[in-house]
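First residue of the sequence shown: 37, per the numbering used here; consecutive thereafter.
Idealized CB from N, CA, C, for every residue including glycine.
Heads up, the thing below is written out as structure tokens.
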Amino acid sequence: MLLAGVFSASAGTKEAPPPALVVVISIDQFRHDYLERFAPYFGREGFRRLQEQGADFVDCHFRHSITYTGPGHAVMLTGVHANVGGIIANEWLEGEEMTRVNCVEDRSVSIIGQAAGDDAPAAVTAAKGRSPAHLLADTVGDELKMARANRPRVIGVSNKDRAAILMSGKLADAAYWMEGGRVVSSTYYGPKLPAWLVAFNAEGRVEKYFNRVWDRALPEKDYALQDVDDMAGESDGLGLTRVFPHRITGGADRITPAFYSAFNTSPFSLEFLTDLAVATLRNEQLGQRGTTDVLTVSYSATDYVGHAYGPDSQEMMDMVVRLDGQLARLLAAVDQQVGLAHCTIVLTADHGAAPTPEHIHAISPHFDAGRFDGGKMTGAAEQALIAQFGPAPADGHWVVRDGLSLRLVAATLRARHVAANEAQRVAAEAVAALPFVQAVYTRTQLERGEVHDELGARMLLSFNAARSGDVLMQPKPFWIDKTPAGTTHGSPYNYDTHVPMLWFGVGVKPGRYVERVGVDDIAPTLARILGVPAPPRAEGRVLF
């Protein structure tokens, strides 16, 4: 069934009872075209089950410009973009001191579950806890708990902290993610891990994968669909090498922090996250408590392998094929415990990815694609500001780079008696002249809404006046800020914005939908299915 439009509820139609369980699945760095490219190698119980028995929105996009993990996961269940929800990037600089802040950092709380020892990641300390404190919008899960007297349970699981936390929301019962070989959480949710998760951690599940070999799941000939195995532009870090098979050691003969990074870049971390999701489902009795519960699951391994090898690598194909099997396993567990007939399933992604320039140049060296050095933004702006207004005070600067944006140094503006809007203009003109730049916007321009094209409209959705920089840049298509290997994301172009949106189960009208929709449509649609108010500032539309 091919449908050009979206459905709306018909007057007089009897509302179906709400689902016992909602499972929202996010796949980190998952381009929509993977569903088509790798479809011949999928089984019938994973992606195909959702596509063929559910609703498949084949033209779903993010509407914002800065397509990173934090912003993408924040949109899914709030229905708002960074201009409202505040999650402008995975991290940003804050205040005149330009302190670097993680999007889920909260120094008022502590990490729980991380064992002490030399292998503990340095970033995990009592002074650097995690919570949704920086999220300025509430989620569908928050609305559900408010509407049902806090009876529903809302729990998020992921390899990454920001994915688990931002999807589950401010009123979540728990968010669980990985640090090293353990599953951790935050005192934001409670003083300690539940007993079942303590036991789960005690099994040393990740360490059992040390020295395991990741080889192709399919016959080698099937991977001719992708580029050659040893493709220019692939990473050989973490001891993984650029060709199959990959031994998961981290490049050492013992377990080190690099092993955990190698593990996350392997399909074995897909298995681990499915294990965690199923254990959460069963031990928390989700979907069996006489109310609607919510489980959010975000698989991160696709992002790690994409950054290392790129979307056209044989490693990415293998990862997606194996993910299909893990998705089937997760759905089978939900069916066994709750019954899929009593559930609503949503699947999407937080962003896509650019093809590597090396992959493109292997086809034609003349194609306009490449890797750029973001530091050139800083240099060009700094020199232009010096030429216009004079040097910064001793040991000072005019600008500091923050991702694909620049922040003006307030102390320098004051010392040289320069108006911020004038400095923004000079810096923006210098950045715009760089060969890899498509468009540049100033803070003043965005605050006034002075944009005149689609790229500008997308940047407005990514701009938050309290948190964003002073000069924001969009690179040309197929130019990526990443060296020396792999790929990245973060642009407003289709390869970064076009992601899956699959619905299945209670409240869903099956079909293949070709009209363009946005990831911000998930929140109001799910709220309608649950019979609760949409998050107050949700911007999307109801799809069923």
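(Q) Using the three-state DSSP reduction, which class does I61 fall into: helix, strand or coil? (A) The three-state secondary structure of I61, taken from DSSP, is strand.
Q: Name, in chain order, the residues that DSSP records as bridge partners for R136.
A: Looking at the DSSP assignment, R136 forms a beta bridge with L129.
Q) Cα separation between L180 and I381? A) C-alpha separation (whole angstroms): 16 Å.
Q: Have a look at A501 and T480 and give me their C-alpha separation to the nearest angstrom.
A: Using only the alpha carbons, I get a separation of about 10 Å.
Q | Backbone secondary structure at A344 - three-state DSSP | A | In the structure shown, A344 sits in a helix (DSSP, three-state: H, G or I).
Q | Residue range of the alpha helix (DSSP H) that includes R318 | A | Here the alpha helix (DSSP H) through R318 covers F304 to N319.
**Q.** Integer Cβ distance of F236 from A315, believed to fall under 8 Å
**A.** The distance from the Cβ of F236 to that of A315 is about 6 Å, consistent with a contact at the 8 Å cut-off.
Q) Considering only residues of the same chain and omitting the five flanking positions on each side of I123, which have a CB-CB separation below 7 Å? A) So the list reads G106, P107, A110, C139, H170, L171 and L202, once near-sequence residues are dropped.
Q: Have a look at Q350 and V264 and give me their C-alpha separation to the nearest angstrom.
A: When rounded, the separation of the alpha-carbon atoms in Q350 and V264 is 7 Å.
**Q.** Endpoints, the alpha helix (DSSP H) within which T414 is located
**A.** Residues G411 to F425.
Q: Alpha carbon to alpha carbon, how far is R494 from E60? Give it in angstroms, no decimals.
A: The question names Glu, but residue 60 is Val in the sequence shown. So the two alpha carbons sit approximately 25 Å from each other.
Q. Which residues share a DSSP beta bridge with G275?
A. Looking at the DSSP assignment, G275 forms no beta bridge with any residue, so it has no partner.
Q. In three-state DSSP terms, what is G121?
A. In this structure, G121 counts as helix in the three-state DSSP scheme.
(Q) Just to check my reading of the structure: Q89 and F580 have Cβ atoms closer than 8 Å, yes? What is that Cβ distance to the nearest angstrom? (A) With a Cβ gap of about 15 Å, Q89 and F580 do not count as contacting.
Q) What span of residues does the beta strand (DSSP E) with Q474 cover, start to end? A) The continuous beta strand (DSSP E) containing Q474 extends over residues V473 to T478.
Q.
Buried or exposed for P391, going by 16 or more other Cβ atoms inside 10 Å?
A. Counting of Cβ neighbours within 10 angstroms places P391 among the buried residues, the total reaching 16 or more.
Q) Cα-Cα, which of M112, A313, A268 and M413 is closest to A368? A) Answer by Cα proximity: A313.
(Q) Let's test the definition: count the other Cβ atoms within 10 Å of the Cβ of A159 and tell me whether it reaches 16, buried, or not, exposed. (A) Interpretation of A159 is limited by its pLDDT of 41, a score under 50 that renders its predicted location unreliable; no figure is taken from the coordinates.
Q | Range covered by the alpha helix (DSSP H) that runs through E382 | A | The sequence given here has Val at residue 382, not Glu. It is not in any alpha helix (DSSP H) - V382 instead sits in the beta strand (DSSP E) that spans C379 to A385.
Q) Using a beta-carbon distance below 8 Å, is L383 in contact with chain C? A) Note that chain C does not occur in the displayed structure, where there is just one protein chain.
(Q) Measuring alpha carbon to alpha carbon, tell me which residue in E394, D266, N319 and G346 is nearest T27. (A) A question about residue 27 goes unanswered here, because the residues of the chain that appear run from 37 up to 580.
Q: Assuming L376 and A417 form a contact by the criterion Cβ under 8 Å, report the distance between their Cβ atoms to the nearest whole angstrom.
A: Contact flag wrong, Cβ pair sits at about 54 Å.
Q) Where H378 and T338 are concerned, what is the direct C-alpha to C-alpha distance, given to the nearest angstrom? A) Going by the C-alpha atoms only, they are around 29 Å apart.
Q) Does the distance from the C-beta atom of N126 to that of N195 stay below 8 Å? A) Taking 8 Å as the Cβ cut-off, N126 and N195 do not qualify as a contacting pair.
Q: Starting from the Cα of L113, find the closest Cα among R218, I516, S334 and W232 and give me that residue.
A: Checked all of R218, I516, S334 and W232; the closest Cα to L113 is S334.
Q: Could you work out which residue in A260, N186 and V553 is closest to V330 when comparing CA atoms only?
A: Cα-wise, what sits closest to V330 is N186.
(Q) Strictly by DSSP, which residues pair up with A211? (A) G192.
Q) Taking the alpha-carbon positions, what's the L129 to E458 distance? A) So the two alpha carbons sit approximately 21 Å from each other.
Q) Terminal residues of the continuous beta strand (DSSP E) containing F93? A) Per DSSP, F93 belongs to the beta strand (DSSP E) from A91 to F93.
(Q) Considering only their Cβ atoms, is the gap separating N247 from F499 smaller than 8 Å? (A) Using a Cβ distance threshold of 8 Å, F499 and N247 do not count as a contacting pair.
Q) So does the segment 395-411 actually touch the segment 74-94, counting three or more Cβ pairs closer than 8 Å? A) Judged by Cβ distances under 8 Å, the segment 395-411 makes no contact with the segment 74-94, as fewer than three pairs qualify.
Q: Please name the residue or residues paired with L331 in a DSSP beta bridge.
A: Answer is V59 and I191.
Q: Determine the DSSP secondary structure at P293, reduced to helix, strand or coil.
A: In the structure shown, P293 sits in a helix (DSSP, three-state: H, G or I).
Q. For the beta strand (DSSP E) that contains Q510, what are its first and last residues?
A. Note, Q510: beta strand (DSSP E), V507 to P511.
Q) Near P157, which residues of its chain fall below 7 Å by C-beta distance, leaving aside the five closest residues on each side in sequence? A) Any reading at P157 must be qualified, since the residue scores a pLDDT of 41, below 50, and its modelled position is unreliable; the value itself is stated next. Cβ contact annotation for P157 (same chain, cutoff 7 Å, sequence separation greater than five): E215, G216 and P293, in chain order.
Q) Rounded C-beta distance between A389 and D532? I'm assuming under 8 Å. A) That pair is a contact at about 7 Å.
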